[in-house]
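Q:
4 protein chains.
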Amino acid sequence: MELGLVGLGKMGGNMRERIRRAGHTVVGYDRNPQLADAASLEEMVAKLPTPRVVWVMVPAGAPTEQTVGQLGELLSEGDVVVDGGNSKWTDDKKHAETLAKKGIGFVDAGVSGGVWGLQNGYALMVGGDAADVAKVQPVFDALKPEGDSGFVHAGKVGAGHFAKMVHNGIEYAMMQAFAEGWELLETSDVVENVTDTFASWEQGTVIRSWLLDLAVKALKEDPGLEDLRGYAEDSGEGRWTVEAAVDLAVPLPAITASLFARFASRQEDSPAMKMVAALRNQFGGHAVEA
Amino acid sequence: MELGLVGLGKMGGNMRERIRRAGHTVVGYDRNPQLADAASLEEMVAKLPTPRVVWVMVPAGAPTEQTVGQLGELLSEGDVVVDGGNSKWTDDKKHAETLAKKGIGFVDAGVSGGVWGLQNGYALMVGGDAADVAKVQPVFDALKPEGDSGFVHAGKVGAGHFAKMVHNGIEYAMMQAFAEGWELLETSDVVENVTDTFASWEQGTVIRSWLLDLAVKALKEDPGLEDLRGYAEDSGEGRWTVEAAVDLAVPLPAITASLFARFASRQEDSPAMKMVAALRNQFGGHAVEA
Amino acid sequence: MELGLVGLGKMGGNMRERIRRAGHTVVGYDRNPQLADAASLEEMVAKLPTPRVVWVMVPAGAPTEQTVGQLGELLSEGDVVVDGGNSKWTDDKKHAETLAKKGIGFVDAGVSGGVWGLQNGYALMVGGDAADVAKVQPVFDALKPEGDSGFVHAGKVGAGHFAKMVHNGIEYAMMQAFAEGWELLETSDVVENVTDTFASWEQGTVIRSWLLDLAVKALKEDPGLEDLRGYAEDSGEGRWTVEAAVDLAVPLPAITASLFARFASRQEDSPAMKMVAALRNQFGGHAVEA
Amino acid sequence: MELGLVGLGKMGGNMRERIRRAGHTVVGYDRNPQLADAASLEEMVAKLPTPRVVWVMVPAGAPTEQTVGQLGELLSEGDVVVDGGNSKWTDDKKHAETLAKKGIGFVDAGVSGGVWGLQNGYALMVGGDAADVAKVQPVFDALKPEGDSGFVHAGKVGAGHFAKMVHNGIEYAMMQAFAEGWELLETSDVVENVTDTFASWEQGTVIRSWLLDLAVKALKEDPGLEDLRGYAEDSGEGRWTVEAAVDLAVPLPAITASLFARFASRQEDSPAMKMVAALRNQFGGHAVEA
Numbered sequence: 002m003e004l005g006l007v008g009l010g011k012m013g014g015n016m017r018e019r020i021r022r023a024g025h026t027v028v029g030y031d032r033n034p035q036l037a038d039a040a041s042l043e044e045m046v047a048k049l050p051t052p053r054v055v056w057v058m059v060p061a062g063a064p065t066e067q068t069v070g071q072l073g074e075l076l077s078e079g080d081v082v083v084d085g086g087n088s089k090w091t092d093d094k095k096h097a098e099t100l101a102k103k104g105i106g107f108v109d110a111g112v113s114g115g116v117w118g119l120q121n122g123y124a125l126m127v128g129g130d131a132a133d134v135a136k137v138q139p140v141f142d143a144l145k146p147e148g149d150s151g152f153v154h155a156g157k158v159g160a161g162h163f164a165k166m167v168h169n170g171i172e173y174a175m176m177q178a179f180a181e182g183w184e185l186l187e188t189s190d191v192v193e194n195v196t197d198t199f200a201s202w203e204q205g206t207v208i209r210s211w212l213l214d215l216a217v218k219a220l221k222e223d224p225g226l227e228d229l230r231g232y233a234e235d236s237g238e239g240r241w242t243v244e245a246a247v248d249l250a251v252p253l254p255a256i257t258a259s260l261f262a263r264f265a266s267r268q269e270d271s272p273a274m275k276m277v278a279a280l281r282n283q284f285g286g287h288a289v290e291a
Numbered sequence: 002m003e004l005g006l007v008g009l010g011k012m013g014g015n016m017r018e019r020i021r022r023a024g025h026t027v028v029g030y031d032r033n034p035q036l037a038d039a040a041s042l043e044e045m046v047a048k049l050p051t052p053r054v055v056w057v058m059v060p061a062g063a064p065t066e067q068t069v070g071q072l073g074e075l076l077s078e079g080d081v082v083v084d085g086g087n088s089k090w091t092d093d094k095k096h097a098e099t100l101a102k103k104g105i106g107f108v109d110a111g112v113s114g115g116v117w118g119l120q121n122g123y124a125l126m127v128g129g130d131a132a133d134v135a136k137v138q139p140v141f142d143a144l145k146p147e148g149d150s151g152f153v154h155a156g157k158v159g160a161g162h163f164a165k166m167v168h169n170g171i172e173y174a175m176m177q178a179f180a181e182g183w184e185l186l187e188t189s190d191v192v193e194n195v196t197d198t199f200a201s202w203e204q205g206t207v208i209r210s211w212l213l214d215l216a217v218k219a220l221k222e223d224p225g226l227e228d229l230r231g232y233a234e235d236s237g238e239g240r241w242t243v244e245a246a247v248d249l250a251v252p253l254p255a256i257t258a259s260l261f262a263r264f265a266s267r268q269e270d271s272p273a274m275k276m277v278a279a280l281r282n283q284f285g286g287h288a289v290e291a
Numbered sequence: 002m003e004l005g006l007v008g009l010g011k012m013g014g015n016m017r018e019r020i021r022r023a024g025h026t027v028v029g030y031d032r033n034p035q036l037a038d039a040a041s042l043e044e045m046v047a048k049l050p051t052p053r054v055v056w057v058m059v060p061a062g063a064p065t066e067q068t069v070g071q072l073g074e075l076l077s078e079g080d081v082v083v084d085g086g087n088s089k090w091t092d093d094k095k096h097a098e099t100l101a102k103k104g105i106g107f108v109d110a111g112v113s114g115g116v117w118g119l120q121n122g123y124a125l126m127v128g129g130d131a132a133d134v135a136k137v138q139p140v141f142d143a144l145k146p147e148g149d150s151g152f153v154h155a156g157k158v159g160a161g162h163f164a165k166m167v168h169n170g171i172e173y174a175m176m177q178a179f180a181e182g183w184e185l186l187e188t189s190d191v192v193e194n195v196t197d198t199f200a201s202w203e204q205g206t207v208i209r210s211w212l213l214d215l216a217v218k219a220l221k222e223d224p225g226l227e228d229l230r231g232y233a234e235d236s237g238e239g240r241w242t243v244e245a246a247v248d249l250a251v252p253l254p255a256i257t258a259s260l261f262a263r264f265a266s267r268q269e270d271s272p273a274m275k276m277v278a279a280l281r282n283q284f285g286g287h288a289v290e291a
Numbered sequence: 002m003e004l005g006l007v008g009l010g011k012m013g014g015n016m017r018e019r020i021r022r023a024g025h026t027v028v029g030y031d032r033n034p035q036l037a038d039a040a041s042l043e044e045m046v047a048k049l050p051t052p053r054v055v056w057v058m059v060p061a062g063a064p065t066e067q068t069v070g071q072l073g074e075l076l077s078e079g080d081v082v083v084d085g086g087n088s089k090w091t092d093d094k095k096h097a098e099t100l101a102k103k104g105i106g107f108v109d110a111g112v113s114g115g116v117w118g119l120q121n122g123y124a125l126m127v128g129g130d131a132a133d134v135a136k137v138q139p140v141f142d143a144l145k146p147e148g149d150s151g152f153v154h155a156g157k158v159g160a161g162h163f164a165k166m167v168h169n170g171i172e173y174a175m176m177q178a179f180a181e182g183w184e185l186l187e188t189s190d191v192v193e194n195v196t197d198t199f200a201s202w203e204q205g206t207v208i209r210s211w212l213l214d215l216a217v218k219a220l221k222e223d224p225g226l227e228d229l230r231g232y233a234e235d236s237g238e239g240r241w242t243v244e245a246a247v248d249l250a251v252p253l254p255a256i257t258a259s260l261f262a263r264f265a266s267r268q269e270d271s272p273a274m275k276m277v278a279a280l281r282n283q284f285g286g287h288a289v290e291a
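Here the protein sequences come in this chain order: A, B, C and D. Position 279 of the first sequence, counting from 1, maps to 280 under the numbering used here, and the rest follow consecutively. Position 135 of the second sequence, counting from 1, maps to 136 under the numbering used here, and the rest follow consecutively. Position 101 of the third sequence, counting from 1, maps to 102 under the numbering used here, and the rest follow consecutively. Position 212 of the fourth sequence, counting from 1, maps to 213 under the numbering used here, and the rest follow consecutively.
1) Who does S259/A pair with in a DSSP beta bridge?
2) Residues in the stretch 231-245 of chain C with C-beta within 9 Å of chain B's C-beta atoms, listed in sequence order?
3) Assuming W56/D is part of the beta strand (DSSP E), what are its boundary residues?
4) When DSSP labels each residue in this structure, what does Y232/A get in the three-state scheme?
5) Tell me, please, whether the CB atom of P251/A is closer than 8 Å to any CB atom in chain B?
6) Go ahead and pull the three-state DSSP assignment for T206/C.
7) For the putative contact between L72/A and V55/A, defined by C-beta atoms under 8 Å, what is the C-beta separation to the nearest angstrom?
8) Using the C-alpha atoms, what's the distance from Q177/C back to D248/A?
9) Nearest to G129/B by alpha carbon, out of A155/B, G225/B, V167/B?
10) Measuring only the C-alpha atoms, how far is Y173/B from V134/A?
11) Check whether the Cβ atoms of A124/D and G151/D lie closer than 8 Å to each other.
12) Determine the direct distance from the alpha carbon of A216/B to that of Y30/B, and round the result to whole angstroms.
13) On the CB-based measure, 16 or more other CB atoms within 10 Å of its CB, does A40/D come out buried or exposed?
14) To the nearest angstrom, how far is the alpha carbon of P50/C from that of A245/C?
15) At a Cβ threshold of 8 Å, is W183/C touching chain B?
16) Could you give the DSSP three-state label for L253/A: helix, strand or coil?
17) Whose C-beta lies closer than 6 Å to the C-beta of S88/D among residues of the same chain, with five residues either side of it excluded?
18) Give me the residue from F284/D, G114/D, G286/D, A255/D with the minimum Cα distance to R281/A.
19) Report the partner residues of H154/C according to the DSSP bridge assignment.
20) Rounded to the nearest angstrom, how far is the Cβ of M274/D from that of F179/A, given a contact under 8 Å?
21) Of all the CB atoms in chain B, is at least one closer than 8 Å to the CB of L186/A?
22) What does DSSP give as the partner residue(s) for T26/C in the beta ladder?
23) Taking C-beta to C-beta, are G148/B and M126/B nearer than 8 Å?
24) Here's the rule: buried if 16 or more other CB atoms are within 10 angstroms of the residue's CB, otherwise exposed. What is K103/C?
25) With three or more beta-carbon pairs closer than 8 Å as the criterion, would you say the stretch 229-239 of chain B touches the stretch 259-273 of chain C?
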């Protein structure tokens, strides 16, 4: 089939390549003309047969909002827009409603796989009407990993990004799990070869996993992780996971602890702990550090 | 080689089978004569060539203590005792010292793999002197999974159980991660097919792992997990992990949250929340439930 | 001065009484005619001299929204509406903008004090323009406790409810602190007289506080809190506190743990712990409870 | 009555003063001869009438252990040793057993009050046999604050330090509660005068407390706490509280979060977050900081 693809950065560029390898035609557009197959969104749209399918792979928030709006102007009844970016699931309904006014379908697709996706395939969680999803299915099949899993039509519009959001929430806590275990091993002197111990866990253990494999890879490249700062951004999904849980009264202690650990990692100093230091000084005369 | 194996329960029985399949001789002893190859510890020891290697696979605490003590009476200089049970790593040093008085070596072996170990192999984390470990190595090689990983000589006596303890701490938080994510998906009605969504994550995602595979298996057997109570025991390693972290001043928020969730799961009612209810009633006249 | 007061429930009724004791005139309106001084909002407004000040003390959300809307119809330029309910601080701006179109001022007032406020006074945190706040000041002075504190003009519209929201977040964690300590004392058998121990803390300790006094009162009324269920609602402020923290990337582990403990207290069974039980059963053959 | 007092530092010195003001005789001993009333422990003991009461107020651990041991040599049947330091409650039983061999009684006394105790009195939680406690009661009465509370005989030997340990656990979480609330207010720009807001809470609110008073005092001395680093030691009781909870399977999320926040405050960089950064880089190519 033929696909319009907006956004050819780290993710989008690799996805174009994987879709092409599966025998499909991709007309890619990017603000950077060196990456693009078409000089403008208009040109990209004009090159596609109807019903057109356009996959948006730009940063969540304003860029996605804007691109969906422009596509609403350019596309026609029966066409479908796929948002494959990291959009908040509550944005999907708004985008779907905007496009529905012109009879354009909308599918949200959560995409996991990172820099390994070109080689291993991208796991896809999608939301939308069955008829709209069907129009994109050949592309989903091209992107997903081989085998039975790696794709789910999770529900109506929003369900794809919701599923991806929860996936990332789980991911945060799994990363934190390995991180805490590693710190404990490093701090104690009981285990003498921590990297080997992590490596030994890659087979036969309950915790064997792709993240463990990546941890071992990182530790072999930089034992002790001495070249790194303990600083971690968060891309939004972790926050939205906690927000959804708070909204639904679901206790989420491990995932939230993982999110807060990232927040704390980005602070030069902890304001809260200044207050604790101040209080200890006030009641106990405990020394403080300036 | 020939191995004495004390304790032929769920774990020990399968381990005997896997070691035998690798071509070694195992003389097993168990209090249950129907499982045992020898009528007594004495008989088991008598059947082994020197230097003898005896693997203890009985419950941690008093049973292990007692068995190690008896073996100390029966064995001789140059023999080696392996504790493959879930002993606390701080017990290992005591056992090693007791045996060392008679020149008997001691190796602690953390074993992961559960009911799948017979088929997939058991991951092994061992601690002890290199000479002692070497005497057991053929058995370790028989038990471990095929491939490069699944075995580590982690350090001196205690390091094997310490590594296994940390492994289990990580395991607690990984299980909690999937559990929290699953509860959020189940509570929300956005994703319509939660089991399929979990299954889709088995390939191509960042969170693909053996625990995820098991979660999918459980969900396919019992969608909604309606046949289960939300009740989870803890086997000790999670508590010791938190104790070690507290002792070493290592923050372990996700692992500890996972341990506390298990504690809470076993309470008929929460005393702490009685107090919260009482306080809300005192200051706000908020209704309470009796 | 003269005040219109909408909502004469548990809080509003006591506040009317305290304001009257200070020598002011209150024209109260409530849907329940037995509580009301005026038969309708219209009648209440008609009884007030200009510039009118009307205090809204109805449940947050739709009831407050509706009442503010009606007052917008009935009041005139120069009048002031005070929202003293537990509104979310983000609602305040919307209310202020609606009223500003007619030149009506808006002040948000977070009110703490519960059932003890009539006797001890109500702590007030208010947001709004200085000129609007000034029009309500005599009522604030009547409501607040004697002494220097108990009142703050915290900032622009929204600041009052924001300050109250954070106050309640702190309150959640303080309650949880006493609750956890109490459970630990009750569970251990080391301390033989837990109520006396709590009572002993009321003077001379670092943790002496009004909440402690209330805990002692509750324990003396019902030692062991045996007449209560460990079940606690949350009124919204705790959730909004966590949401604000997530939005601002502020780690809030103790307050969030307190919120999650309330969520968990209301679950018949924990879905998350069903998953943990299922996983333990899958990998370890651990017994589960049905 | 007459009291021997060992340890005349910040706490011990003030306690000697408060006991003397109540009309009792104190013979103090300290390694620093400028503080001491007796040149040696022997001389101090020799100056006391029988049955002697000696209060030990030296650092927990080895110094207390040693002092109790020396007093065991010097004292006689019917005498009583009080350990008023921050000893771990599990040490008390050992000390009591050592002294009991010579018929010497032992009382453990948890003491709260810090630098304010001289003026306000010290809250006391004591454990031991009633007959031993009775011998010390006049001193307890001198030390405690005026009024009904501030003293409890909490149970047998160990109960005093156990109660004090739980007190401090609660204290950790209360401090953390104020600290988190303060950070949220400071980070947001909604509330414009944070110190005034804290000060307004001192009366009429649910969270009014001595710790809040101290927070206001600290904020008035140093608005923004800019002269402080967010660095907080922990004195042991918080760790022991968590250990006791883990041992008794009591979930303690807020108190533990508070302890972990202190641990984290003392790290130059977070090893765990290095691992999180490494993993994000591995799977997503996310930039890391070196």
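Just so it is clear, CB atoms sit at the ideal spot from N, CA and C, and this is done for glycine as well. No experiment lies behind these values; they were computed from the predicted model shown.
A: Quick answer:
1) Per DSSP, none; premise fails for S259/A.
2) G231, Y232, A233, E234, S236
3) 54-57
4) coil
5) Reading the sequence as shown, one finds Val at residue 251/A and not Pro. Judged by the 8 Å Cβ criterion, V251/A is in contact with chain B.
6) coil
7) 6 Å
8) 21 Å
9) A155/B
10) 37 Å
11) yes
12) 35 Å
13) exposed
14) 39 Å
15) yes
16) coil
17) A61, T65, H162
18) G114/D
19) V127/C
20) Between F179/A and M274/D the Cβ distance is about 12 Å, and since that is not below 8 Å, they are no contact.
21) yes
22) E3/C
23) no
24) exposed
25) yes
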